[in-house]
Structures are given as structure tokens and as C-alpha cells.
Amino acid sequence: MELTVLNEEQSPSTEGGCSASACGSSDDQLAHLSDEIKQKVHNHPCYSEDAHHYFARMHVAVAPACNIQCHYCNRKYDCANESRPGVVSELLTPDQAVKKTKAVAANIPQMTVLGIAGPGDPLANLDRTFETFRRLSAEAPDIKLCVSTNGLALPDAVEELAKHNIDHVTITINTVDPEIGAKIYPWIYWNNRRIRGKKAAKILIERQQKGLEMLVERGILVKVNSVMIPGVNDEHLKEVSRIVKQKGAFLHNVMPLIAEAEHGTFYGVMGQRGPSNEELMDLQDACSGDMNMMRHCRQCRADAVGLLGEDRGDEFTIDKIEAMDIDYDAAMKKRAIIHQGIEEELAEKEKRRAALAAVKVPSGPAVDNKHFRPVLMAVATSGGGMINQHFGHATEFLIYEASRDGVRFISHRKVDQYCIGDDSCGEKESALAGSIRALSGCEVVLCSKIGFEPWGLLEEAGIAPNGEHAMEPIEEAVMDVYEEMIKTGKLDEAKSEDSQMTA
Ligand code: CLF
Ligand code: SF4
1 MELTVLNEEQ
11 SPSTEGGCSA
21 SACGSSDDQL
31 AHLSDEIKQK
41 VHNHPCYSED
51 AHHYFARMHV
61 AVAPACNIQC
71 HYCNRKYDCA
81 NESRPGVVSE
91 LLTPDQAVKK
101 TKAVAANIPQ
111 MTVLGIAGPG
121 DPLANLDRTF
131 ETFRRLSAEA
141 PDIKLCVSTN
151 GLALPDAVEE
161 LAKHNIDHVT
171 ITINTVDPEI
181 GAKIYPWIYW
191 NNRRIRGKKA
201 AKILIERQQK
211 GLEMLVERGI
221 LVKVNSVMIP
231 GVNDEHLKEV
241 SRIVKQKGAF
251 LHNVMPLIAE
261 AEHGTFYGVM
271 GQRGPSNEEL
281 MDLQDACSGD
291 MNMMRHCRQC
301 RADAVGLLGE
311 DRGDEFTIDK
321 IEAMDIDYDA
331 AMKKRAIIHQ
341 GIEEELAEKE
351 KRRAALAAVK
361 VPSGPAVDNK
371 HFRPVLMAVA
381 TSGGGMINQH
391 FGHATEFLIY
401 EASRDGVRFI
411 SHRKVDQYCI
421 GDDSCGEKES
431 ALAGSIRALS
441 GCEVVLCSKI
451 GFEPWGLLEE
461 AGIAPNGEHA
471 MEPIEEAVMD
481 VYEEMIKTGK
491 LDEAKSEDSQ
501 MTA
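For the sequence shown, the UniProt record's numbering gives the first residue as 1, with consecutive numbering after it.
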């Protein structure tokens, strides 16, 4: 199949600034969806930004082989198209995968989605992948099934995917241009031959696009992942976003290249850099004019378990699962009750969001002529959409932007945990400094509690610590703090030099 690429005249512009409505959280953009699609995404933690605070996913690593080579991948590790590079998962047989899924479903009722994302390409391991899906769709029908692929084998697998009710598929599409593709993929293995260079990239691109079209025709939701590689495909990804949207992809997830020399990947060894937080955010904003963007991806491992951003895999190793006595029917009933509770909470949140949208920034003489510039705030949360985590216990912070247009989720930033609750804080100083560096560009950090020492250091760095909104919903608290900043004239103050660093 020849790839159709629209010319500039045919394409809507992807340039321009970001308005809150254009690049708001994916859930703002989901508001217009049909009930059928809402039903498909409302409890999928990757397809709905709201859902990721409440619902968990798990991956089973049943797919060891891969049919292509990416320059950011080392086969010793998991597939880097959906996984943080440099981590290795425990390979499972389909039977072990089914047992593990049922064990997790019984112990983590919030787990709604089972994904296969590695450690190689799931569709280069058709028997193992489909055996797992076939058994799960029969034995655990309340779990959504999800798969992630490089797309080379996708067109041949679409019928089988549809047969197993797999209605969420991720394709990693880094380019639609074979010239660029040849710089990312040294070879593919196709029709029993190894093919290299531009020819290989052209085949891969055509197969990805054909697979995307076939999935969309069957009503299967497609998320496209793209790895942002500065100087290779960064500018080009706006074009990718436009084309995949035009072909019916539902969501675009632009992920940063992570290339460390110690991972032994081609890019890592060659010193290819990844994007800065600011470059990633700018590209996501630029793409969002055409596409729903995913901003909450955590680049999970191929055996991840739990809410996005947490990993409870150690609780479900094969030996531990073998020792568990699971009554799956009883677990299904418990899951249904818990899911109902979460649905009600989400509906409440939706109502609160509507009310929040109606809150106007106060006007009057005291606030006239203010600049109303956007402000980034970091939030420590352990889930549930609440500010409910101690600053020192956070392993990541969620970053929100408050502006006159409302509150939008921007990204997450990983940090080293500096306080583990005992006396073993030998590395405390440097880890705390690292946390503060990770929050550069933020002017406020909201958490449930914070110690005296980090409080002082944050203030020195121009970031205001705030524990006054503990156990409050995140978006309301962020807006309250923003309104307070307006009232007290803080928005008229220039950002401090420290907080102006990379956003
Ligand atoms: Fe897994 Fe991927 Fe399905 Fe989600 S992850 S197969 S769509 S269930 Fe999600 Fe993890 Fe990002 Fe993937 S946060 S790496 S996007
Ligand atoms: Fe590695 Fe995944 Fe690329 Fe295969 S598709 S080479 S496993 S990153």
C-alpha cells in the first residue's frame, strides 16, 4: 500500500499558541464523545486522564520476540516503545499470565485493564499473545484487554484482535517519512528476510498506517505513541499527529526519548539526547491543535501493576501467586461494587469541574490590570484526585497549570524519594536538592504535609510550599491557590530566577 501524505494545502495548521480548550486535559476533550466511546474509555487509565487517578492497569510480559530493531532499544530490556528503557520484566507463560491477572484482579479491584506490551512486540508473538487474550476474555470478562505494537505485523492480526474484543490498541509511530525512519530503525524482519535502510522503514510505515486504518474501520480505539527524538523526528511529529488524527486515531502520546549510555542502545552510546521537559511540553502543545494528547503516560514496564506511576509487581511474583487461593467469582462481585463507587465519585468530580469552570477570577479595583499569567503548580498525590501525600514521600509530582481559563494537567515529574520515614537519611541533602530541581518552573507545591527543612529550601528556590489544601480535590485546590495569588498581588511579581528554569 502506498502511504497517502496530505500536502500543506490540504492540512489544517498545527502551528500557533495553546489555548486552554485546545490543549486541556484529555478529559476536557472527551466531553463531546459518543456514549459508546465514553463507555470504552471512562475506566481506562491511559485513555482517560481522570480515570488514571482511580483505575489501575497491569501488564503481563508474555511476548519475548521482536521483528524490528529501534535505535533506542536494547533487547536485554523491555520494549522501549511502551516501557521505560533499562528495565527487565519477568517473562510469563500464557497460563502464568492468566493466573497473575486473576490474582491482581482479586487483590486490586481498581485494576480494569490488562495490557500486553512486551518485553518484545506482542504481535511478533501471536500464539502467546492470543492464547493469553483468549483465556482472559473467557475467564475474566470484566477486564478490558489492551495491546501495544510497533505495527509491522498489525494488518495480519486485526481480525484476531477484533475477535477477542480487544478494543484498545497502541501503535508506536515515530515517523511517516522513510528518510527519517531509516535514522530510527536499522532493520526490520519481514517475510523471512532482514531488510535494512529506507526500504525497511517504508514497509514499516505502510504496515503501521494500514493497521491503523483497519482498526479504525472496525471501531477499535487506537492510541499512537511517538518517541520524541530531538534533531531526528521532533519537528516532524506535528505532521505525524495530523495524519494519524485524520486517519481516525483517538489519542496521541508523545513520549521523551530516554537514551542512557549504560542501557547500551545505539542512541545511548552515540550520545543522542532526549528532549527537555520544556521541549516535550511545547511539542505536545503544538500537536494538540489537531489531536487529543496524552500527557500522563508513565512509560511503564512490561510487567507493571497498579495505578500509573506506582508499581506493585513485587506483590505478584509467580511464587506468591502460586500460593494464593483466589475465588474469582467473589472477587468479581467485590470489583463491581468498588467500580460503582468510583463511577459515582467520577460523576461528582464532573459536576464539581462544571462548577469550577463557572468560577470567575475576581474582578474589581483590587485586581484590575493584573497580568493573569499562567502559573505552574506541583502536586503530591497518591491517587484519588486528591492532595494526599507528604512532600517527602512523593516519588513523582503532577504538574498543573492554572490560568484565567482554568486548570489543566500538564505532565508528571519523577523525583527521588528523599524521606523514607526512618533515620537512614544519609543521602537526604542531595536527593532533596534533586527533588527541588525537578520542580523548576513551578511556583507552588501542594502537598498534605511538609517538613521544616524542605520548606525553607523550596522557598529559597522561589517555590511556595503549601500544605493548607491537604485532602482536597486537586483542581479546586489549584484554582483556590491561583485566585489567592491574584488577590494578594503575587501574579504581578515576576517569577523568581529559580522558578523560571525549564518548565
Ligand atoms: Fe498498558 Fe499501554 Fe494499554 Fe495502557 S500502558 S498497553 S495503553 S494498558 Fe499507559 Fe503505561 Fe503509558 Fe502505555 S501509561 S506506557 S500509555
Ligand atoms: Fe525494542 Fe520494542 Fe523496538 Fe522491538 S519494537 S526493537 S522491542 S523498542
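Even glycine gets a Cβ: it sits at the ideal position worked out from N, Cα and C.
Exercise. Considering only the beta carbon of each residue, do Leu-307 and Ala-56 sit closer than 9 Å?
Worked result: Contact: yes.
For this session: Please look up how many angstroms separate the CB atoms of Lys-183 and Val-232, rounded, as I've assumed it's under 8 Å.
Result: So it is a contact: roughly 5 Å between Cβ atoms.
For this session: Assign Gln-50 to one of two classes, buried (16 or more other C-beta atoms within 10 Å of its C-beta) or exposed (fewer than that).
Result: Reading the sequence as shown, one finds Asp at residue 50 and not Gln. Asp-50 comes out buried.
Problem set entry | Presumed contact (8 Å Cβ cut-off) between residue 504 and Ala-259, rounded CB distance | Not covered by the structure: residue 504. The range shown for the chain is 1 to 503.
Problem set entry | Closest residue to Leu-457 among Gly-434, Ala-470, Glu-475, Gln-272 (Cα-Cα distance) | Considering only alpha carbons, the answer is Gly-434.
Problem set entry | Min CB distance His-393 to chain D below 9 Å | No chain D appears in the structure shown, which is made up of a single protein chain.
For this session: Please indicate yes or no: does the CB of Ala-157 lie closer than 8 Å to some heavy atom of ligand 2?
Result: No.
Exercise. By the 10 Å Cβ neighbour count, where 16 or more other Cβ atoms means buried, how is Lys-99 classified, buried or exposed?
Worked result: Buried, since its Cβ has 16 or more Cβ neighbours within 10 Å.
Exercise. Three or more beta-carbon pairs under 8 Å between the stretch 330 to 348 and the stretch 128 to 139, yes or no?
Worked result: Taking 8 Å as the limit for Cβ pairs, the verdict is that the stretch 128 to 139 does not touch the stretch 330 to 348.
Exercise. Among the residues of its own chain, which have a CB less than 6 Å from the CB of Arg-335, if the five just before and after it don't count?
Worked result: In chain order, Pro-109 place their CB closer than 6 Å to the CB of Arg-335, counting only its own chain and leaving out the 5 sequence neighbours on each side.
Problem set entry | Neighbourhood of ligand 2 [Cβ distance below 6 Å to any heavy atom], ordered by chain position | Selection around ligand 2 by beta-carbon proximity, strictly under 6 Å to any non-hydrogen atom, yields Cys-66, Ile-68, Gln-69, Cys-70, Cys-73, Cys-79, Ala-80, Asn-81, Gly-120, Asp-121, Asn-150 in chain order.
For this session: From the DSSP output, in three-state form, read off Arg-404 for me.
Result: Assignment of Arg-404 by DSSP, reduced to helix, strand and coil, places it in the coil class.
Problem set entry | Residue nearest to Ala-199 in terms of C-alpha spacing, selected from Val-158, Gly-219, Asp-177, Glu-459 | Strictly speaking, residue 199 in this sequence is Lys, with Ala absent from that position. For Lys-199, the nearest C-alpha among the options comes from Asp-177.
Exercise. Is the Cβ-Cβ distance between Pro-94 and Thr-132 less than 9 Å?
Worked result: Contact flag set, yes.
Exercise. Is it the case that the CB of Lys-223 approaches a heavy atom of ligand 1 more closely than 8 Å?
Worked result: The nearest non-hydrogen atom of ligand 1 is less than 8 Å from the C-beta of Lys-223.
For this session: In angstroms with no decimal places, state the Cα-to-Cα distance between Ala-105 and Tyr-328.
Result: Computed Cα separation, rounded: 8 Å.
For this session: Flag this pair as yes or no: are the beta carbons of Ala-117 and Thr-170 separated by less than 9 Å?
Result: Thr-170 is positioned such that its CB atom lies closer than 9 Å to that of Ala-117.
Exercise. Secondary structure at residue 507, three-state DSSP: helix, strand or coil?
Worked result: Because the chain in this structure spans residues 1 to 503, residue 507 falls outside the shown range and cannot be described.
Problem set entry | Any non-hydrogen atom of ligand 1 closer than 8 Å to Cys-297 Cβ | With a cutoff of 8 Å, Cys-297 counts as near ligand 1, since its C-beta is closer than that to a heavy atom of the ligand.
Exercise. Going straight from the alpha carbon of Ser-440 to that of Glu-278, what length do you get?
Worked result: Between the alpha carbons of Ser-440 and Glu-278 lies a distance of about 11 Å.
Exercise. Hey, would you say Thr-265 sits closer than 9 Å to His-71, going by beta carbons?
Worked result: Between Thr-265 and His-71, the C-beta spacing is below 9 Å.
Exercise. In terms of alpha-carbon separation, which member of Met-214, Asp-311, Ile-220 lies closest to Ser-382?
Worked result: Selection Met-214, Asp-311, Ile-220 evaluated against Ser-382 yields Asp-311 as nearest (Cα-Cα).
Problem set entry | Those runs of the alpha helix (DSSP H) which lie wholly inside the stretch 99 to 177 and span at least 4 residues | If only uninterrupted alpha helix (DSSP H) runs of at least 4 residues are considered, those enclosed by the stretch 99 to 177 are 126 to 139, 154 to 163.
For this session: In the DSSP assignment, find the beta strand (DSSP E) that holds Ala-56 and state where it starts and stops.
Result: That run of the beta strand (DSSP E) goes 56 to 59.
Exercise. Which runs of the alpha helix (DSSP H) fall wholly inside the stretch 262 to 345 and span at least 4 residues, in chain order?
Worked result: Every alpha helix (DSSP H) of 4 residues or more that sits fully in the stretch 262 to 345 is shown, in chain order, as 266 to 270, 277 to 287, 318 to 322.
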